[in-house]
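Just so you know, we're using this note's numbering here: the sequence shown kicks off at 4 and counts up by one.
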Amino acid sequence: MSQAIELTRDLISRRSVTPADEGCQTLLAQHLERIGFVIEPLPFGNVANLWARRGDRRPLFCFAGHTDVVPTGPLDEWDSDPFVPEIREGVLYGRGAADMKSGLAAMVTAAEEFVALHPQHSGSIAFLITSDEEGPSVDGTRRVVELLQTRGERIDWCLMGEPSSEVCIGDTIKVGRRGSLSGRLTVHGVQGHIAYPQLADNPVHALAPALAELVSRSWDQGTEHFQPTSFQVSNINSGTGAPNVIPGELKARFNLRYSPVQTLENLKNTVEGILRRHGVRFTLDWYLSGEPFYTPPGVLSSAVTEAVAEVTGVPPRLSTGGGTSDGRFIAPLGAQVVELGVVNASIHKVNECVRLADIDALQRMYCNLLRRLLV
Ligand SMILES: [Zn+2]
Numbered sequence: 004m005s006q007a008i009e010l011t012r013d014l015i016s017r018r019s020v021t022p023a024d025e026g027c028q029t030l031l032a033q034h035l036e037r038i039g040f041v042i043e044p045l046p047f048g049n050v051a052n053l054w055a056r057r058g059d060r061r062p063l064f065c066f067a068g069h070t071d072v073v074p075t076g077p078l079d080e081w082d083s084d085p086f087v088p089e090i091r092e093g094v095l096y097g098r099g100a101a102d103m104k105s106g107l108a109a110m111v112t113a114a115e116e117f118v119a120l121h122p123q124h125s126g127s128i129a130f131l132i133t134s135d136e137e138g139p140s141v142d143g144t145r146r147v148v149e150l151l152q153t154r155g156e157r158i159d160w161c162l163m164g165e166p167s168s169e170v171c172i173g174d175t176i177k178v179g180r181r182g183s184l185s186g187r188l189t190v191h192g193v194q195g196h197i198a199y200p201q202l203a204d205n206p207v208h209a210l211a212p213a214l215a216e217l218v219s220r221s222w223d224q225g226t227e228h229f230q231p232t233s234f235q236v237s238n239i240n241s242g243t244g245a246p247n248v249i250p251g252e253l254k255a256r257f258n259l260r261y262s263p264v265q266t267l268e269n270l271k272n273t274v275e276g277i278l279r280r281h282g283v284r285f286t287l288d289w290y291l292s293g294e295p296f297y298t299p300p301g302v303l304s305s306a307v308t309e310a311v312a313e314v315t316g317v318p319p320r321l322s323t324g325g326g327t328s329d330g331r332f333i334a335p336l337g338a339q340v341v342e343l344g345v346v347n348a349s350i351h352k353v354n355e356c357v358r359l360a361d362i363d364a365l366q367r368m369y370c371n372l373l374r375r376l377l378v
């Protein structure tokens, strides 16, 4: 069994439910220290972060990822203990198998193999690992990036090991992500008897036409590389429980996934404008999870494409779909950011798994990438 698979199993057996790290980073750091990385643990609050760097020249190539995993969900729905790695018919099961402990193991073992072959490589290699990607993402990558900025340490190329593949390993890489903007809406009405609507003001009725316009609106056409912007309601609540009472208030939550065609101000103004035009009385709190980012075709995306095709024989599809990732914090540093990892079909589900052959394939892709960039 390869070292990448052994290391993946070792990581899965650590119960690192976000934001816990449970020694995963120490284990990775031990591997990296042995091959000449300078190790810097950077804890913030209850979050463990690791910055490790080999070399002080540029360009700086950085592997990025996370050791935390999402909760298991109902244990009786798993066919084996999510924190006891189990192999059945060439597939490794366990929480974090795909998202993203196999990715971390592939990166670290790729660095080991590469450094053994090319101890005098050009540029530098770094690892930016956090235990707060699945949680609030406040004390994780964001904080480490702030620190790097104050030190003037620049990342030129960043490869995130998030599970980017859809059906086969290496079929898809991500070259950007849409932005994510959420709103918490309260619509103010006047409570009253349902038989005397003239004495009340029904917030459900007030919002309905505005909501119809928001959900049916065509926000933009997207771009060649981005899907169009979408508006989705995630929660809506009103009513007192009594069938004869007009409610006094409505609460709703919604989210916009937006392409770089949009600006934050324009989105906010459009939503608020539609609500006002329909006479809705409201308060609205906005929360920005991440601005969109995009790495145009360049040195990194070509090198990743070739590194993948060397293993699979097929160049990957370049995508910007899916949710946000920690790339949103790294890209603003001016870094090119590309995501390449295992198949994402089972992530966050029960019986999360990864094919053993895919771990080894990913490890080879990462080795190829280091060779293409730093030899
Ligand atoms: Zn992940």
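Positions of the beta carbon are idealized from the N, C-alpha and C atoms, including for glycine.
Sorted by position in the chain, 69, 102, 103, 136 and 165 make up the residues whose C-beta lies under 6 Å from a heavy atom of ligand 1. Residue burial is scored here from C-beta neighbours: residue 147 has at least 16 other C-beta atoms within 10 angstroms and is therefore classed as buried. Remark: fewer than three beta-carbon pairs, one from each stretch, lie closer than 8 Å, so the segment 212-227 and the segment 348-367 are not flagged as touching. When C-beta atoms of the segment 253-270 are compared with those of the segment 152-169, fewer than three pairs fall below 8 Å, so the two segments do not count as touching. The C-beta of residue 177 has 16 or more other C-beta atoms within 10 Å across all chains shown, which makes the residue buried. In the structure shown, the three-state DSSP call for residue 208 is helix. When the alpha-carbon of residue 130 is set against those of 373, 172 and 54, the nearest one is in 54. Contact between residue 340 and residue 330 holds: their C-beta atoms lie close to 4 Å from each other, under 8 Å. Closest by C-alpha distance to residue 29, out of 45, 21 and 152, is 45.
Looking at the backbone, the Cα of residue 224 and that of residue 324 are separated by about 15 Å.
When the five nearest sequence neighbours on each side are left out, the beta carbons in the same chain lying within less than 6 Å of the beta carbon of residue 5 are those of 363, in order along the chain. Looking at the DSSP output, residue 110 bridges to nothing.
For residue 362, the enclosing alpha helix (DSSP H) covers residues 359-377.
Restricted to the segment 248-274, the beta strand (DSSP E) segments that are unbroken, complete and at least 3 residues in length are 252-261, listed in chain order.
The Cβ neighbour count for residue 199, taken over all protein chains shown within 10 Å, is under 16; the residue is labelled exposed. Annotation: the continuous alpha helix (DSSP H) that includes residue 34 extends over 27-37. By the C-beta density criterion, residue 227 is exposed, having fewer than 16 other C-beta atoms within 10 angstroms. Taking the CA atoms as reference points, residue 291 sits about 27 Å from residue 19.
The alpha-carbon separation between residue 83 and residue 115 amounts to approximately 31 Å.
Comparing C-alpha distances from residue 166 to each of 375, 361 and 376 shows the shortest one belongs to 361.
With a cut-off of 8 Å on Cβ pairs, the segment 181-192 is in contact with the segment 254-261, counting three or more such pairs.
Around residue 161, the same chain offers 65, 67, 333, 338 and 340 as residues with beta carbons nearer than 6 Å, after the five sequence neighbours per side are excluded. Exposed is the label assigned to residue 139, since fewer than 16 other Cβ atoms lie within 10 Å of its Cβ. The alpha-carbon separation between residue 134 and residue 91 amounts to approximately 28 Å.
Looking only at 372, 37, 336 and 77, the smallest Cα-Cα distance to residue 353 is reached by 77.
Looking at 169, 284, 113 and 121, the one whose alpha-carbon comes closest to that of residue 320 is 169. Secondary structure at residue 8: helix, using DSSP grouped into helix, strand and coil.
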